[in-house]
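There are 2 protein chains.
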Amino acid sequence: MLAARWHGRRDVRVEEVAPPGAPGAGEAQVRVRWCGICGSDLHEYVAGPILISPAGRPHPLTGREPPLTLGHELVGTVVAVGPGVEAVRPGDRVTADACLRCGTCPWCQRGQYNLCKRLGSVGLAADGGFAALLNLPAYTLYALPDGIADEAAALCEPFAVALHAVKRGGVQPGHVVAVVGAGPIGLCVLQAARAAGAAAAYAVEPLAARRERALALGATAAFDAGTARGEVYARTGGLGADVAIECVGHPESLPLALELAGRGGTAVVAGIFEQPSALHANRLVLHEKRLVGSIAYAGEFPAVMALLADGRLRAEPLVTDRIALREIVAAGFEALLAERERHVKVLVAPE
Amino acid sequence: MLAARWHGRRDVRVEEVAPPGAPGAGEAQVRVRWCGICGSDLHEYVAGPILISPAGRPHPLTGREPPLTLGHELVGTVVAVGPGVEAVRPGDRVTADACLRCGTCPWCQRGQYNLCKRLGSVGLAADGGFAALLNLPAYTLYALPDGIADEAAALCEPFAVALHAVKRGGVQPGHVVAVVGAGPIGLCVLQAARAAGAAAAYAVEPLAARRERALALGATAAFDAGTARGEVYARTGGLGADVAIECVGHPESLPLALELAGRGGTAVVAGIFEQPSALHANRLVLHEKRLVGSIAYAGEFPAVMALLADGRLRAEPLVTDRIALREIVAAGFEALLAERERHVKVLVAPE
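Residue numbers (this note's numbering), protein chains in the order written: chain A, 357 to 707; chain B, 357 to 707.
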């Protein structure tokens, strides 16, 4: 079968590989319908290995190192299950939680599996969804209700990231939320904040096209970074946001989010950073703010599926292209890098 | 009467001033028995005006500017009350919450009066306790039970700061807590963490004499900053602290506290900082940590009094000197600066 495999930085090859063998104990084999390109796939393409284990240092949970097949925002159909699998059956339409975990460390035992000591991700620590078939631990799979179309289901994973960030921020009904960054995660966060009852959700984003998308998806207003502080404080009578959620990973977006959060407010940091930020701790102390990290999700898939099914989360407007696996480098990675105004989510169909 | 008044940096004068007039509506007049020197008094002495309003810019709540009488960690006796005061009566032995607030802004209305938009402090935004008499809003006063000696009662205020920081960190029974800094606040935080049920409380402090004090007050172990990380992780089987509480205000103590907190852990920042810190946000994101500011307190006085009365908080070992008001500069501020190994809390008796 064809697979898009990461060999090195700027070296993703669509090549023929052997299909996976029969699923082992606790595993299911999934035939992939769509798999979305995630920001972290793009990071690995441009600057990896970041979450991928470097060659010669096998991942502590999976034992895998490059090359491996990317892709973890997937929807497909179970075609076979290994011994002991009861939660899903052949024929089930499924999406996958990408967190591969040990199940036994203190964090897994507390349900914080996103903090597992040996955490790995589908498509980064093991072969992923940019191929027709893959074997996954059955604990990662969720059977989809009929109310969620295949394309929407491919976005369960980024919506789970977004809902987790909103929950980490403690968003409550009536809150004012500011979302820094209106890329794929920011646009999901905006919707998740609304679903959590936010009275107002402000988007902060330098690209005009993305601000437009944010407005179309329910943002109360959208600003560029330069005017955001003044606008948010003016529109809240000087209170600032209850919760600001940073979805960018730029060193300056952290202090901006902290500034948008008013006295007693919370800034969630959901971006992945390449450089340190300068932080004057008095900004946290004197106005008693919180700065809260958020990574992946821990149990949010059922909630996301319910909210997608009833329309409170809308995935379709985020899908800006559908491409074949063979096109993944040019029409996927390179297009996402070159056309940031145009693209949000590109879905890839294996062959 | 004599008062220790802040005129400028390194310019605190013990001088004759007129005693306060009769207490106004909602006020009580207190005769001061002891008033402790706080780190923030010392900050104002060395580097002020910090929280004191600069000359020519009257405080928005009190209208006061320098010179004014310092001191806010006080215990005394009510000698008169103004119209409408019912909560305290002449003869009551009292301590004072130092937060002067408007009572009407959104934060006051939520009970977060420490975030009041016009917050001021007794002894920084209005005349304080380094004088025989002062008038205070009755809402700041708490009548003391017999079980708390005068000297101990003077430490209600720093213990309230400490208990608030422990609560902001969400310390729960069985938690491992690391306290960065074993000065007056750090030593109160250690005890408050134990009172909250911490199974272990590690002190991190460069001065050997302060490490000894921490151990005497119930710290599980005490380390200098260089060995703290290795020790805390070794003693917790790699888990790190559930909660780390920064009580210093040094730019490097913030990243240290964040490092001492394990995956999913919380670092509370209770110090006041003069310089920014460098923070790589991935330290927050990838291990989903929280960085939580803490300032003053909001309603912690009754809990502190209960814990002092039953011995779970011990104030007496923190009192390292008792001086007369006339000595406050040489035996107070200068001694605290020069003899950091010897001193924790110096109590001042007005004349």
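Cβ coordinates follow ideal geometry from the N, Cα and C atoms, glycine included.
Chain A contact for residue i (CB, 7 Å cutoff)
{"i": "B/N638", "result": "yes"}
{"i": "B/S477", "result": "no"}
{"i": "B/V625", "result": "yes"}
{"i": "B/K523", "result": "no"}
{"i": "B/P632", "result": "yes"}
{"i": "B/L417", "result": "no"}
{"i": "B/F515", "result": "no"}
{"i": "B/F629", "result": "yes"}
{"i": "B/G649", "result": "yes"}
{"i": "B/L635", "result": "yes"}
{"i": "B/L511", "result": "no"}
{"i": "B/Q468", "result": "yes"}
Neighbour-count burial assignment, residue i, 16 or more Cβ in a 10 Å radius
{"i": "B/L693", "result": "exposed"}
{"i": "A/Q547", "result": "buried"}
{"i": "A/T302", "result": "In this structure chain A extends from 357 to 707, so residue 302 of chain A is not present and cannot be described."}
{"i": "A/H363", "result": "exposed"}
{"i": "A/P611", "result": "buried"}
{"i": "A/D453", "result": "buried"}
{"i": "A/V402", "result": "exposed"}
{"i": "B/T451", "result": "buried"}
{"i": "B/P706", "result": "buried"}
{"i": "B/G649", "result": "buried"}
{"i": "A/G586", "result": "exposed"}
DSSP beta-bridge partners of residue i
{"i": "B/V704", "result": "B/C391 and B/I679"}
{"i": "A/A597", "result": "A/A617"}
{"i": "A/V478", "result": "A/A482"}
{"i": "B/Y558", "result": "B/A534 and B/A577"}
{"i": "A/N470", "result": "Per DSSP, none; premise fails for A/N470."}
{"i": "A/S633", "result": "B/L635"}
{"i": "B/V368", "result": "B/W362"}
{"i": "A/L647", "result": "A/A623 and B/L647"}
{"i": "B/R449", "result": "B/T433"}
{"i": "B/T425", "result": "B/R361"}
{"i": "A/A384", "result": "A/V437 and A/L492"}
{"i": "B/A487", "result": "B/A359"}
Below-7 Å beta-carbon distance, residue i vs any chain B residue
{"i": "A/W390", "result": "no"}
{"i": "A/G438", "result": "no"}
{"i": "A/V545", "result": "no"}
{"i": "A/R646", "result": "yes"}
{"i": "A/L642", "result": "yes"}
{"i": "A/I408", "result": "no"}
{"i": "A/R696", "result": "no"}
{"i": "A/G620", "result": "yes"}
{"i": "A/W362", "result": "no"}
{"i": "A/L610", "result": "yes"}
{"i": "A/L571", "result": "no"}
{"i": "A/Q528", "result": "no"}
{"i": "A/L519", "result": "no"}
{"i": "A/L471", "result": "yes"}
Closest residue to residue i among the options (Cα-Cα distance)
{"i": "B/I601", "options": "A/E615, A/A570 and A/V641", "result": "A/V641"}
{"i": "B/A443", "options": "B/W463, B/A381, B/L475 and B/P416", "result": "B/A381"}
{"i": "A/Y589", "options": "A/G447, A/G618, A/G419 and A/G582", "result": "A/G618"}
{"i": "B/V604", "options": "B/I541, B/T576, B/G459 and B/G620", "result": "B/I541"}
{"i": "A/L543", "options": "A/A509, A/R566 and A/P562", "result": "A/R566"}
{"i": "B/L456", "options": "B/V431, B/P376, B/D448 and B/R420", "result": "B/R420"}
{"i": "A/R591", "options": "A/A687, A/G526 and A/T576", "result": "A/T576"}
{"i": "B/K523", "options": "B/A551, B/A538 and B/L497", "result": "B/A551"}
{"i": "B/A572", "options": "B/C391, B/L497 and B/A538", "result": "B/A538"}
{"i": "B/L563", "options": "B/A554, B/F579, B/A549 and B/G553", "result": "B/F579"}
Cβ-heavy atom distance, residue i to the ligand PLP, below 6 Å
{"i": "A/Y589", "result": "Ligands displayed in this structure: none; no statement on the ligand PLP is therefore possible."}
Discussion item. Across the stretch 541 to 559 of chain A and the stretch 521 to 533 of chain A, are there enough close Cβ pairs to call them in contact, namely three or more that are closer than 8 Å?
Written reply: Cβ pair count under 8 Å is three or more, so yes.
Worksheet entry | Segment contact flag, the stretch 431 to 444 of chain B with the stretch 396 to 408 of chain B, C-beta cutoff 8 Å, min 3 pairs | They do not touch, by the three-pair rule.
Worksheet item: Touch check for the stretch 677 to 685 of chain B and the stretch 362 to 372 of chain B: three-plus C-beta pairs under 8 Å?
Response: Three or more pairs of CB atoms, one per stretch, sit closer than 8 Å, so the stretch 677 to 685 of chain B contacts the stretch 362 to 372 of chain B.
Worksheet item: With a cut-off of 8 Å, do at least 3 Cβ pairs link the stretch 652 to 669 of chain B to the stretch 507 to 523 of chain B?
Response: A contact is defined here as three or more CB-CB pairs under 8 Å, and the stretch 652 to 669 of chain B meets this definition with respect to the stretch 507 to 523 of chain B.
Practice prompt. Say whether the stretch 475 to 490 of chain B touches the stretch 412 to 425 of chain B, bearing in mind that this needs 3 or more beta-carbon pairs closer than 8 Å, one atom from each stretch.
Written response: Yes, they touch.
Worksheet item: Just checking, does the stretch 468 to 478 of chain B make contact with the stretch 624 to 643 of chain B on the three C-beta pairs under 8 Å criterion?
Response: A contact between stretches requires three or more CB pairs, one per stretch, nearer than 8 Å, and the stretch 468 to 478 of chain B fails this requirement with the stretch 624 to 643 of chain B.
Practice prompt. Kindly confirm or deny that the stretch 401 to 418 of chain B and the stretch 459 to 468 of chain B touch, where touching means at least three C-beta pairs closer than 8 Å.
Written response: Contact fails between the stretch 401 to 418 of chain B and the stretch 459 to 468 of chain B, because fewer than three Cβ pairs, one in each stretch, are under 8 Å apart.
Worksheet entry | the stretch 384 to 394 of chain A contacting the stretch 491 to 499 of chain A, beta-carbon criterion three pairs below 8 Å | Taking a cut-off of 8 Å for Cβ pairs, the stretch 384 to 394 of chain A and the stretch 491 to 499 of chain A touch, as three or more such pairs fall below it.
Worksheet item: Hey, is the stretch 659 to 675 of chain B in contact with the stretch 622 to 641 of chain A, meaning 3+ C-beta pairs nearer than 8 Å?
Response: Result no; under three Cβ-Cβ pairs closer than 8 Å.
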